[in-house]
Amino acid sequence: MNQPGILELVSFGPGGWGHALLAGAWMTILIALAGYAIGAVIGTFGAWAKISGGTTVRTAADAYTTILRGIPDLLVIYLLYFGGSAMVTAVGRLFGAEGFIGFPGFLAGALAVGITSGAQHTEVFRGAFKAVHPGEIEAAIACGMPRLMRFRRIVAPLTLRHALPGLGNVWQVVLKESALVSITGVAELLRQAQVGAGSTGLPFDFYLIAAAIYLLISTISGVFMRQAERHFSRGVRRG
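For the sequence shown, the tail end lands on 247 under the numbering used here, and the numbers increase by one without skipping.
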């Protein structure tokens with residue numbers, strides 16, 4: 009019996025795995041987007057804590073970034089998934105439920121990716137804010153801008169301009185981290201490739217296809233990030 013080629017494996021016809029791989033790629037993007045958004049929120053508050061917070065708040069923010077950048081991302085996923093499952097199971101028993109109750113894999117994965125990327129977001133936002141020239145903020149104060157308007161019109165746009173290259177790098181890291189979520193049973197791209205490899209006995213083919221899809225998503229993401237950088241750098245002379 010002839011083994012199917014790669015084009016047959018990615019087809020959407022009978023015997024093809026196109027639908028499963030496409031669904032897995034979509035799930036990968038959803039996990040990455042959810043984790044990235046959570047990380048951006050955490051990073052915003054983390055950067056604020058490091059820049060404007062008191063001693064206790066700055067110490068807590070420093071501890072957060074140091075710990076999260078120092079332990080493996082896979083370990084964070086394990087802790088959230090199994091720790092969350094243990095907590096949900098304990099709560100379930102209080103209401104009469106029996107047996108193990110699993111924590112939602114997507115939620116655990118998105119939270120884990122968000123918490124780990126939050127440490128990177130924190131440093132990106134902090135560095136970007138430090139790159140804003142103090143004179144630009146002082147000029148806004150001299151014009152009598154209220155604090156909220158100053159943040160919306162001056163601080164946020166200028167900080168984002170400096171942060172975009174770093175945020176693009178964080179997105180690429182988050183996209184690769186999403187593959188680790190497969191250990192929770194979420195049917196993302198790598199998980200679908202594993203299932204396909206096990207079902208057909210063609211691991212090299214499926215993992216090669218998965219690599220190509222990851223590269224495609226990464227390339228398209230890079231194009232969007234470069235477009236965003238050009239948009240927010242309008243009027244700025246490049247060296």
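We treat Cβ as the ideally placed atom computed from N, Cα and C, and that holds for glycine.
Whole-angstrom C-beta distance between residue j and residue i, which should lie under 8 Å
i	j	result
residue 54	residue 130	3 Å
residue 28	residue 204	7 Å
residue 17	residue 225	That belief does not hold up - the Cβ atoms of residue 17 and residue 225 are roughly 19 Å apart, past 8 Å.
residue 61	residue 85	With 8 Å as the limit, residue 61 and residue 85 do not qualify as a contact, their Cβ atoms being about 28 Å apart.
Sequence-distant residues of the same chain with beta carbon closer than 7 Å to residue i, five excluded per side
i	result
residue 134	55, 58, 59
residue 144	162, 166
residue 215	201, 205
residue 139	170
residue 96	109, 111
residue 20	26, 27
Selected residue, minimal CA-CA separation from residue i, among the options
i	options	result
residue 176	45, 73, 184, 230	230
residue 173	39, 42, 236	236
residue 13	41, 211, 186, 136	211
residue 35	222, 63, 195	195
residue 187	222, 66, 52, 99	222
residue 3	105, 112, 139	Limits of the chain in this structure are 9 at one end and 247 at the other, which puts residue 3 out of reach.
residue 137	104, 171, 118	171
residue 33	240, 220, 99	220
residue 52	168, 239, 228, 238	168
residue 185	120, 213, 208, 228	120
residue 37	241, 114, 208, 213	114
residue 183	228, 83, 209	228
residue 50	63, 180, 69	69
residue 180	23, 22, 41, 15	41
Same chain, Cβ closer than 6 Å to residue i, neighbours up to 5 away in sequence not counted
i	result
residue 122	43, 46, 47
residue 110	93
residue 233	176
residue 89	111, 116, 192
Backbone secondary structure at residue i - three-state DSSP
i	result
residue 214	helix
residue 108	coil
residue 240	helix
residue 202	helix
residue 11	coil
residue 34	helix
residue 120	helix
residue 141	coil
residue 195	coil
residue 125	helix
residue 159	helix
residue 22	coil
8 Å Cβ shell around residue i - same chain, five flanking residues per side excluded
i	result
residue 178	44, 47, 125, 128, 129, 132
residue 81	120, 121, 124, 185, 188
residue 66	57, 58
Within-8 Å CB hit, residue i to chain D
i	result
residue 17	Protein chains in the displayed structure number just one, and chain D is not present.
Exercise. Counting pairs of Cβ atoms below 8 Å between the region 154-165 and the region 190-203, do you hit three or more?
Worked result: no
Three or more C-beta pairs below 8 Å linking the region 150-158 and the region 68-76: no
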